[in-house]
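Everything below concerns the one structure shown next.
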Amino acid sequence: MTRTGEPAGADAGAIEISGLHKSFGANEVLRGIDFRVDAGEVVCVIGPSGSGKSTLLRCVNLLEEPSAGTVRVAGAEVTDPDVDIDAVRRRIGMVFQSFNLFPHLTALGNVAVAQRKVLRRGKRDAERIARENLERVGLADKVGAYPAQLSGGQQQRVAIARALAMGPEVMLFDEPTSALDPELVGDVLGVMRGLAEAGMTMLVVTHEMSFAREVADRVAFMDGGVIVEQGEAARMVTDPDHERTREFLSRVL
Ligand code: ADP
Ligand code: MG
Numbered sequence: 001m002t003r004t005g006e007p008a009g010a011d012a013g014a015i016e017i018s019g020l021h022k023s024f025g026a027n028e029v030l031r032g033i034d035f036r037v038d039a040g041e042v043v044c045v046i047g048p049s050g051s052g053k054s055t056l057l058r059c060v061n062l063l064e065e066p067s068a069g070t071v072r073v074a075g076a077e078v079t080d081p082d083v084d085i086d087a088v089r090r091r092i093g094m095v096f097q098s099f100n101l102f103p104h105l106t107a108l109g110n111v112a113v114a115q116r117k118v119l120r121r122g123k124r125d126a127e128r129i130a131r132e133n134l135e136r137v138g139l140a141d142k143v144g145a146y147p148a149q150l151s152g153g154q155q156q157r158v159a160i161a162r163a164l165a166m167g168p169e170v171m172l173f174d175e176p177t178s179a180l181d182p183e184l185v186g187d188v189l190g191v192m193r194g195l196a197e198a199g200m201t202m203l204v205v206t207h208e209m210s211f212a213r214e215v216a217d218r219v220a221f222m223d224g225g226v227i228v229e230q231g232e233a234a235r236m237v238t239d240p241d242h243e244r245t246r247e248f249l250s251r252v253l
């Protein structure tokens, strides 16, 4: 185990969460999370609405400030009070349920803009990298399209390309297909599957149990602000240990 300020050891996980608590006023939403995702691992987080899944992801990239505990990403402690938050966020790509694209920018513009503003890449480089990543998500023919001209699944793939273009070390997905019409879900999951196969470290909140079973290395079940259990994906989906997990699965499967 490394301590604050020390360089990452060879055993440092891509994401290491320990003793994480988060309260909103009197509402303790995360009640002590200890969790680790290794480099190249794909972990799905499942659990009922309100169990704290989004808050957990948001604490990893400091969209929420943890009340207690530590979070490390690629060996760097993001919860260190002296941390450069922008530097942390550059290492972590996040994809939300809502795609949050700029309506007045094309797909190319949406993928290029953060690279230019945050990474200070020049226009040519940013646009070249934007094209590469739009191609990677199957949208080479949509670079000039505006969000309103794209389906929800295409917009979400632009959002994934935008995150990838920043060169993140880990990718967080918060129910990336929940806002999509059913026939559009497969394309987005297909892109995510490709990323997983390419070795990207991914922490994915999803209700897509077939994706979890087929793509994830591990599944964690959250309820009431704790990780109730976690384990190898196929076993967690078919034969979990805890009654709460069984009960949840019986509702979503
Ligand atoms: P999940 O993603 O599992 O549905 P969330 O992490 O979104 O759960 O929310 C867990 C709990 O935290 C809910 O009770 C929610 O109302 C509360 N919560 C989340 N974000 C905030 C916030 N910014 N302010 C106050 N309460 C919040
Ligand atoms: Mg949520």
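Residue 1 is where the sequence shown starts when you use full-length UniProt numbering, and the numbers rise one by one after that.
Quick reminder that beta carbons are idealized off the backbone N, C-alpha and C, glycines included.
These figures come from a predicted structure and were not determined experimentally.
In the DSSP annotation of this structure, the continuous segment of the beta strand (DSSP E) that includes A220 starts and ends at R218 to D223. If you draw a straight line from the Cα of L150 to the Cα of E132, it is about 19 Å long. Rounded to the nearest whole angstrom, the CA to CA distance from I33 to F221 is 12 Å.
For A68, the uninterrupted beta strand (DSSP E) run begins and ends at A68 to V73, by DSSP. If you compare the alpha carbons of R128, D187, M171 and L134 with that of G152, the shortest gap goes to D187. The beta-bridge partner set that DSSP reports for V45 consists of V205 and A220. It is roughly 14 Å from the alpha-carbon of G167 to the alpha-carbon of V73. A residue is called buried when at least 16 other Cβ atoms come within 10 angstroms of its Cβ; T238 does not meet this threshold and is exposed.
Exclusion of the five residues before and after A126 leaves A112, Q115 and R116 as the residues of its chain whose Cβ lies within less than 7 Å of its Cβ. For D239, the shortest C-beta to heavy atom distance toward ligand 2 is 7 Å or greater.
When C-beta atoms of the region 81-101 are compared with those of the region 36-44, fewer than three pairs fall below 8 Å, so the two segments do not count as touching. Measuring C-alpha to C-alpha distances from N27 to each of S67, P48, L62 and E214 identifies S67 as the nearest.
Two segments are said to touch when three or more pairs of C-beta atoms, one from each, lie closer than 8 Å; by this definition the region 166-182 touches the region 96-108.
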